[in-house]
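Reading through the structure tokens given below for one structure.
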Amino acid sequence: MSSLLKASSILEPSIYTTISKNLYSTKRNIWANAQTAEFVASANSISTIPKSTGLPEIVVTGRANVGKSTLLNCILGRKSLVNTSKKAGHTKALNLFRVGAEPGKLILVDAPGYGTRGRVEWGELFKHYIQNRPELKRVYILFNAKHGLNETDKLMLAALSSSLLSERGAQAFTLQSIITKADTVPTAKLQGTISNMKKDIWDAAPLCLPPIITSAEMSPPFGINQVRQSIAEACGL
Numbered sequence: 001m002s003s004l005l006k007a008s009s010i011l012e013p014s015i016y017t018t019i020s021k022n023l024y025s026t027k028r029n030i031w032a033n034a035q036t037a038e039f040v041a042s043a044n045s046i047s048t049i050p051k052s053t054g055l056p057e058i059v060v061t062g063r064a065n066v067g068k069s070t071l072l073n074c075i076l077g078r079k080s081l082v083n084t085s086k087k088a089g090h091t092k093a094l095n096l097f098r099v100g101a102e103p104g105k106l107i108l109v110d111a112p113g114y115g116t117r118g119r120v121e122w123g124e125l126f127k128h129y130i131q132n133r134p135e136l137k138r139v140y141i142l143f144n145a146k147h148g149l150n151e152t153d154k155l156m157l158a159a160l161s162s163s164l165l166s167e168r169g170a171q172a173f174t175l176q177s178i179i180t181k182a183d184t185v186p187t188a189k190l191q192g193t194i195s196n197m198k199k200d201i202w203d204a205a206p207l208c209l210p211p212i213i214t215s216a217e218m219s220p221p222f223g224i225n226q227v228r229q230s231i232a233e234a235c236g237l
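So the sequence shown is numbered by full-length UniProt numbering: it starts at 1 and just counts up by one.
So, in structure tokens, the structure goes:
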């Protein structure tokens with residue numbers, strides 16, 4: 001744990017070490033009670049995407065089997081609210097979760113994974129959602145620290161980057177990467193690994209916000225508070 005903290009402290013942007021007291025207090029209140037996070041809807045086709053509740057929304061995507069469901073359970077503070085599976089492509093729909101006591105503070109959307117096990121129709125569902133959801137504030141894209149970025153990841157980043165601006169020229173939503181499973185990379189190689197991943201990310205998507213480094217399998221999990229802070233900030237909370 002201490003070695004990962006030491007290595008990652010060099011890599012993390014200073015924004016994460018200068019949290020304002022007001023923002024920290026708000027973030028803490030949002031995530032304080034895990035029982036307030038609830039599954040609210042699922043959409044496996046464009047026609048079944050639920051109407052907006054008016055709450056700000058963020059969506060999380062990533063290559064199939066990147067550790068997305070495990071990370072989301074940590075973020076939500078629940079052990080099994082988001083179903084996990086070792087089989088790639090387990091998530092087959094847009095799954096919406098309300099965060100905060102009713103009527104809620106925000107909606108977290110778990111999107112199907114892309115890549116080898118990701119189906120074409122899942123991609124169309126995701127594309128329609130991000131292009132037609134005015135409540136969407138930020139897209140988070142996950143990358144496995146052990147595997148780095150492949151060509152599919154880079155194409156996905158480029159596609160998201162091209163979707164950032166609305167037809168009016170305004171930025172429709174923001175984009176941020178999350179690096180998962182940092183504990184699977186030897187500490188001596190972590191800084192170089194992250195540096196290479198950052199280069200790949202920014203080559204494909206120059207407007208992508210700095211990555212957040214995480215490990216949901218550590219005890220306690222690493223980087224989760226930074227992700228929660230980022231979500232709260234993206235939603236204006």
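Idealized CB from N, CA, C, for every residue including glycine.
- In the DSSP assignment, Gln176 falls within the unbroken beta strand (DSSP E) covering Thr174 to Thr180.
- In this structure Gln229 is buried. Its beta-carbon is surrounded by 16 or more other beta-carbon atoms within 10 angstroms.
- Here the alpha carbon of Gly123 sits roughly 34 angstroms from the alpha carbon of Asn29.
- Sorting Met156, Asn225, Leu136 and Ile212 by C-alpha distance to the C-alpha of Cys235 places Leu136 at the top.
- In the same chain as Thr193, and ignoring 5 residues on each side of it, the C-beta atoms closer than 8 angstroms to its own belong to Ala145, Gly148 and Val185, in chain order.
- When Phe126, Gly67, Gly115 and Tyr114 are compared, the shortest CA-CA separation from Leu96 is found for Phe126.
- The alpha-carbon separation between Val66 and Glu151 amounts to approximately 15 angstroms.
- Linking Leu106 to Pro50 through their CA atoms gives a straight-line distance of about 15 angstroms.
- Secondary structure note for Ile231: its alpha helix (DSSP H) is the uninterrupted segment Ile224 to Ala234.
- Burial state of Pro220 is exposed, judged by a 10 Å Cβ sphere holding fewer than 16 other Cβ atoms.
- The DSSP-derived three-state label of Leu207 is coil.
- Secondary structure note for Asn73: its alpha helix (DSSP H) is the uninterrupted segment Lys68 to Leu76.
- For secondary structure counted as the beta strand (DSSP E) over 3 or more consecutive residues, the segment 87–156 holds these complete runs in sequence order: 94–99, 106–110 and 136–144.
- As computed with DSSP, Gln191 is found in no beta bridge at all.
- Ranking Leu157, Met197 and Ala101 by CA distance to the CA of Val40 puts Ala101 first.
- If you look at Ala64, you'll find it isn't in any beta strand (DSSP E); DSSP assigns it neither H nor E.
- Residue pairing for Val60: DSSP places it in a beta bridge opposite Asp110 and Tyr140.
- For the 8 angstroms CB-CB criterion, Leu157 and Ile212 do not form a contact.
- Beta-bridge annotation (DSSP): Ile46 is not paired with any residue.
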